[in-house]
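Numbering (my numbering), first residue to last: 177 to 567. We put the beta carbon where it would ideally sit given N, CA and C, even for glycine.
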Ligand code: NZQ
Ligand code: ZN
């Protein structure tokens, strides 16, 4: 196991009706004027925004609001938020929604206290060092931004999707009420489930040996997702299954399952070009990319793929020919994704093979990191496998 620091200061407030405590939570975490930041309408329609505002009013915390965050959040909304916060003297950002609203809130939080252009953090010109405090009320189990120090924003000009990360971005508190996720369409639920599993796989496929504890934690999250996702697809109001998925989504990405081990993240980078270019859901893009990436890199460590196949998907181990077991595991993963309604190739996602060179150019691979470092030629091949995949 490698040396590590693990800093996870977020207060998680989990369970039914807990959003009604948000006013007191903001006060407890030092907020005196709040920007309530949310998406395209689901949180307004469900009455959640009204409940959040009522809770802030009851706690005597003044607030302004900015809605309309686009899924795959845009830089333009971030600039708008920074301006409002400066003008109104906001000192706390409260995101109500999914990864998109939370990531946009984190970008605003960094931008308000930064003299330069906030995009510097996403283009690699500056590292996030300070930010206004952020709190969240989560409405979809997916990105894990409620516990992570990451934020992903798309620059509208050129549709460049890029990430920034730093511990100052970890939320001060996150309210997780699984009942709020019951209004999610089945497709969004499945996209979220795919993202959660992908966050674990990015950590599971490692070159670090002797990491039994995090291997087993990863497998626990993956097995939970395989069991619970079909239950919520069949019965969207199944609170207990929603609760397990919601916590799995946080555990998958606050890095408790990834400490002390090398991680990959090539599938995420490769996917971000798809959701950047076609504005598809991140989870749907991952459903197309991740099994293709697995097929491409499988021979780098066949036994690790056998471990996934046998422990997560219950495949029988073929000791004579381990590669067959590894392939069976990847096939089981892709079949699972298909069974929950995810696209598994370019045509189903609405992506075009002729755009592959453009995606590779934008991604500019060759970074030399990951489970198996990939160059432009490798990434092209992953896209090509993904384009034509079948179950
Ligand atoms: O905008 P509204 O109207 O709220 O609708 C949203 C949106 O259309 C809807 N929705 C959310 N909660 C709902 C609901 N609809 C009905 N009922 C509810 N309870 O679902 C759609 C997707 O929402 P979004 O916030 O975009 O989803 P998600 O949480 O998957 O976030 C995706 C973004 O997070 C980034 C992705 O790249 C993408 O931009 N990621 C962020 C990460 C991080 N910060 O750590 C890591 C991830 O790997 C990921 O890259
Ligand atoms: Zn993700």
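Counting along the chain, the unbroken beta strand (DSSP E) around residue 327 starts and ends at 326-331.
Rounded to whole angstroms, residue 326 and residue 442 show a C-alpha spacing of 16 Å. Residue pairing by DSSP places residue 338 opposite 329 in a beta bridge.
Residue range 388-410 is occupied by the alpha helix (DSSP H) that includes residue 404. Contiguous beta strand (DSSP E) elements confined to the region 185-270 occur at 187-190, 210-214 and 239-242, taking only those with 3 or more residues. The beta-bridge partner set that DSSP reports for residue 349 consists of 187 and 311.
For residue 459, the shortest C-beta to heavy atom distance toward ligand 1 is below 7 Å. Closest option to residue 251, judged by alpha-carbon separation, among 283, 410 and 492: 283.
Apart from sequence neighbours up to five positions away, the residues of its chain that approach residue 216 with a beta-carbon distance below 8 Å are 243, 244, 245, 246 and 247, ordered along the chain. Checking the 7 Å criterion, the Cβ of residue 326 is within range of a heavy atom belonging to ligand 1. Secondary structure of residue 289 (DSSP, three-state): coil. Only residues of its own chain outside the window of five on either side were considered, and among them 552, 555 and 556 have a CB closer than 6 Å to the CB of residue 536, listed in chain order.
When DSSP assignments are scanned along the region 502-543, the uninterrupted stretches of alpha helix (DSSP H) that are 4 or more residues long and fall wholly within it turn out to be 522-525 and 532-539. The closest CA to that of residue 180, considering only 529, 480, 464 and 436, is found on 436. For the set 481, 489 and 388, the Cα lying nearest the Cα of residue 508 is the one of 489.
Apart from the 5 residues on each side of it in sequence, residue 241 sits with its Cβ closer than 6 Å to the Cβ of 212 in its chain, given in chain order. Here the alpha carbon of residue 306 sits roughly 16 Å from the alpha carbon of residue 205. In the DSSP assignment, residue 467 falls within the alpha helix (DSSP H) that extends over 458-473. In the structure shown, the three-state DSSP call for residue 275 is helix.
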